[in-house]
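Chemist: One structure, pasted below without further comment.
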Amino acid sequence: MRPARVERTIPGRDGAYLERGGVVSEDPQHQTVKAVPGAAPSSALKGRQVGWAAALLAGSVLLSRLLGFVREMVLADRQGIGSSTDAFSAAFQIPDILNYLLAGGALAIAFTPLYLKKLQEEGEESSTALFHSVLGSLGIVTVVLTAALWWQAPAVIDWQFSDFGPETRNLTVRLTRIVLPAQVFFVLGGITRAVLMAHGRFGAQAAAPLLYNGGIIVGGLAGSGIEGFAWGALGGAFVGAFCVPLWQIRSVVPLGLRWAPLDPAFRSYLLAALPLMLGLSLTTVDEWYERWFGQAIGVGVLASLAYARRLMMAPVAVLGQAVATAALPTLASLHAEGRPEALNQLLGRTLRLTLLGAMLLSGGLMVLASPIVRVLYERGAFSAEDSVRVSVLLGILAWAVPGWVSQQVAVRAFFARGEMWRPMLIGTGLALLALPLYAWATQYWAAPGLAMAGVVAISINAGVTVGWARVRFEGPRLAPVGGTILRGLVIAGAAAMAASYWAPVSTGFWGALLELAVGGGLYGAVAALGLIVLGDREAKQGLKGILSRRRKRSGA
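Going by our numbering, 482 is the number at position 482 of the sequence shown; the sequence numbering is gapless.
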């Protein structure tokens, strides 16, 4: 039968409907549609579709961060800053390391290009077999390692946090054993969500963080003490990271498990993921360094850094993580289609826009750090002195946002081309070289020095990644990126000066809220004016689009 090109909606499994396009072969007798090797993958989002996917994920992350603020408010109100919150922060260290060693946090990065290649070159049957092999084999390995770490949790905690007192140490062990099994759900769900995103389905990815944070809130409110938050994290991981994607995958590809560690498809995945498993990255070890060095400074330091870090990560997740996650399937498809120039153009445009947005968010976060912390946290067990400690750290960490965002976007230049070793070797070298910086800064400036070390390290890491992508792939162009940085510094600096000079400084919750509202309004107005005067064409178009949508809403 002669292949035909179609652009239409066809019935999917279980009565669901899938959007398909490209070259297909139809079987009129059974009314099925099969992928033909060499066909364009159905996940290749184009133009506005990338924007919609990024908007969906950005909206999800924004809502998740709002829930995260509620979560932190509940945690601050119930526990404040002390040994219990230090233990809660430290309890995630072993699970985080396990997740990193299994490439759990980067499953889509390692899996999506390989899955798309299988789907394009060999068809749906081959890509589904890869999915089943990775899901079954990696899942069993995760269960075994989780059980071993659960058993050895006391010894590992003693090695990681030797400066903890006996009570804090014992509580850390209990909390670690509660949250550790969540990694099984994260890994299995991460593989499933990677397949969904490869088929242009971003709903489960958008829902996962919402349900996870919701679980922690429910656990904290309903549970007794700090352990309630830990049980909530486990429940949120089970529902959001595991159950939802498994339910949605049924309408896309058949669900199955295969224990096939020697299967060529699984070995292909391991070769792709091995650099992510063995290598280090400052975007991951920065938090590890904070915990390792912070525990020796004093009681409450880990908790203070954790509160400030979560506020700093909100714009990182909304801007950098969402955009980079949505863009990866399209960047990988452009590489598979042999269109390097289009890939570099899309990457450069994405990098410039996200970097400019990150710099503006950085300035606002820095100048408004005090009222933000007071409005969100200062109640119950969280005192005014605690607000000062966290505000100082947040004002410093705010300037890590541009480095975090640009790193997440720029590294996709390598991942989209299936190159994992080069960025991981670069990241590992820089992470190890930064270790003395963290130690030195902690020794001389305590917790603020630890925060400053993170800002310097991640900024250097991002600059090296962008520069090496330019050398390796002739893109993105560095001159426009440099121009964006200069514009961002000027605009953010002017907006920060206006907000700090004119915004009132008041005490109490309502005073902090007034300070935040007036300062935020001034900062946003000056930043918008700066974009109109100094922004490049793409930034101005983006601002006009936002203003146009606001006018439509107000007139509706």
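Glycine residues also receive a C-beta, built at the ideal position from the N, C-alpha and C atoms.
The structure displayed is predicted, hence computed values, not measured ones.
#1: By how many angstroms is the C-alpha of N170 removed from the C-alpha of A148?
#2: What first and last residue would you give for the alpha helix (DSSP H) that runs through E515?
#3: Tell whether a beta-carbon distance below 8 Å holds between V522 and A503.
#4: May I have a chain-ordered list of the alpha helix (DSSP H) segments no shorter than 4 residues that lie completely inside the segment 48-127?
#5: What whole-angstrom Cβ distance do E290 and L101 have, given they're in contact under 8 Å?
#6: Report the CB separation of A241 from Y212 in whole angstroms; it is logged as a contact under 8 Å.
#7: Can you give me the C-alpha to C-alpha distance between M312 and T283, rounded to a whole angstrom?
#8: Considering only C-alpha positions, which residue in the set S126, G298, L62 and G123 is nearest to T85?
#9: Once you ignore the five residues that flank T325 on each side, which residues in its own chain have a CB closer than 6 Å to its CB?
#10: Ignoring anything shorter than 4 residues or poking outside the segment 425-449, list the alpha helix (DSSP H) runs there in chain order.
#11: Would you call the segment 115-128 and the segment 137-146 touching, i.e. three or more CB-CB distances under 8 Å?
#12: Sorted by chain position, which residues of the same chain lie with C-beta nearer than 7 Å to I157's C-beta, five sequence neighbours on each side aside?
#13: Cutting at 8 Å between CB atoms, please list the residues of its own chain near A272, excluding the five before and the five after it.
#14: List, from N- to C-terminal side, the alpha helix (DSSP H) runs of 4 residues or more that fit wholly inside the segment 269-345.
#15: Alpha carbon to alpha carbon, how far is A439 from M452? Give it in angstroms, no decimals.
#16: With a 10 Å radius around its C-beta and 16 neighbouring C-beta atoms as the bar for buried, classify W231 as buried or exposed.
#17: Could you pull out every residue in the same chain whose Cβ sits closer than 7 Å to the Cβ of I491, ignoring the five residues on either side in sequence?
#18: Flag this pair as yes or no: are the beta carbons of T350 and L319 separated by less than 8 Å?
#19: DSSP three-state call for E419: helix, strand or coil?
#20: Indicate the three-state DSSP secondary structure (helix, strand or coil) for F164 in the structure shown.
#21: So G519 and V367 are supposed to be a Cβ contact under 8 Å. How far apart are they, rounded?
#22: Could you have a look at F186 and say whether DSSP puts it in helix, strand or coil?
#23: Could you pull out every residue in the same chain whose Cβ sits closer than 7 Å to the Cβ of V61, ignoring the five residues on either side in sequence?
#24: Which of helix, strand or coil does DSSP assign to E474?
#25: Between S370 and V401, is the Cβ-Cβ spacing less than 8 Å?
#26: Classify G214: buried if its beta carbon has 16 or more other beta carbons within 10 angstroms, exposed otherwise.
#27: Count the CB pairs spanning the segment 455-471 and the segment 393-413 that are closer than 8 Å, and state whether there are at least three.
#28: Taking DSSP as the reference, what is the three-state secondary structure of F202?
#29: For a quick check, are the C-beta atoms of F88 and I226 less than 8 Å apart?
#30: Grab the span of the alpha helix (DSSP H) containing G232 for me, first residue to last.
#31: Which same chain residues end up closer than 8 Å to L207 when comparing Cβ atoms and leaving out the 5 residues on each side of it in sequence?
#32: Do the CB positions of F293 and T442 come within less than 8 Å of each other?
#33: What do you reckon, are the CB atoms on L347 and R412 nearer than 8 Å?
#34: Pop quiz: A410 and L328 are said to be a contact at Cβ under 8 Å. What is the actual Cβ separation, rounded to whole angstroms?
#35: Please report the distance separating the alpha-carbon of L257 from that of A303.
#36: Apart from the five residues just before and just after P275, which ones in its own chain have a Cβ nearer than 6 Å to its Cβ?
Modeler: Reading off the structure:
#1: A148 and N170: Cα-Cα distance of roughly 18 Å.
#2: Unbroken alpha helix (DSSP H) run through E515: G508 to L534.
#3: For clarity, residue 522 is Leu in the given sequence; the question names Val instead. Taking 8 Å as the cut-off, the beta carbon of L522 is found closer than this to the beta carbon of A503.
#4: Complete alpha helix (DSSP H) runs here, min 4: 48-79, 83-90, 93-101 and 107-121.
#5: In fact, because the Cβ distance is near 19 Å, the residues do not count as touching under 8 Å.
#6: The beta carbons of A241 and Y212 sit about 6 Å from each other, so the pair counts as a contact at 8 Å.
#7: Roughly 13 Å separates the two Cα atoms.
#8: Among S126, G298, L62 and G123, the Cα nearest to that of T85 is on G298.
#9: Result list for T325: L57, in chain order.
#10: Listed in chain order, nothing qualifies, since the segment 425-449 has no complete alpha helix (DSSP H) run of 4 or more residues.
#11: With the cut-off at 8 Å, the segment 115-128 and the segment 137-146 do not touch.
#12: Cβ neighbours of I157 beyond the five flanking positions: R169, T172, V173 and T176.
#13: Excluding sequence positions up to five before and after A272, its CB lies within less than 8 Å of the CB of A110, F111, P113, L114, G418 and M420, all in the same chain and listed in chain order.
#14: When DSSP assignments are scanned along the segment 269-345, the uninterrupted stretches of alpha helix (DSSP H) that are 4 or more residues long and fall wholly within it turn out to be 282-294, 301-315 and 322-336.
#15: So the two alpha carbons sit approximately 12 Å from each other.
#16: Sixteen is the threshold: when 16 or more other Cβ atoms of the shown chains lie within 10 Å of the Cβ of W231, as they do, the residue is buried.
#17: The answer, listed in chain order, is L360, A527, G530, L531 and L534.
#18: Annotated as distal: T350 and L319, with beta-carbon spacing of 8 Å or more.
#19: Per DSSP, reduced to three states, the secondary structure at E419 is coil, with no helix or strand assignment.
#20: Annotated three-state conformation of F164 is coil, per DSSP.
#21: 7 Å between Cβ atoms; contact.
#22: DSSP places F186 in helix when its eight states are reduced to three.
#23: Answer for V61: P209, A317, V318, Q321 and A322, listed in chain order.
#24: E474 falls in the coil class under three-state DSSP.
#25: Remark: C-beta atoms of S370 and V401 do not approach each other more closely than 8 Å.
#26: Buried is the call here.
#27: Yes, since at least three Cβ pairs between the segment 455-471 and the segment 393-413 fall closer than 8 Å, the two stretches touch.
#28: If DSSP states are grouped into helix, strand and coil, F202 belongs with coil.
#29: The answer is yes: Cβ separation under 8 Å.
#30: Where G232 is concerned, the enclosing alpha helix (DSSP H) stretches over I226 to G236.
#31: One detail in the question is off: residue 207 reads as Ala in this sequence, not Leu. Counting only residues of its own chain and dropping the five nearest sequence neighbours on each side, A207 has a CB closer than 8 Å to the CB of S60, G240 and V244.
#32: Contact flag set, yes.
#33: It is a contact, given that the beta carbons lie within the stated cut-off.
#34: About 12 Å separates the two Cβ atoms, so there is no contact after all.
#35: Whole-angstrom Cα-Cα distance: 40 Å.
#36: Non-local C-beta neighbours of P275 in its own chain, meaning closer than 6 Å and more than five positions away in sequence, comprise M420, W421 and M424, ordered along the chain.
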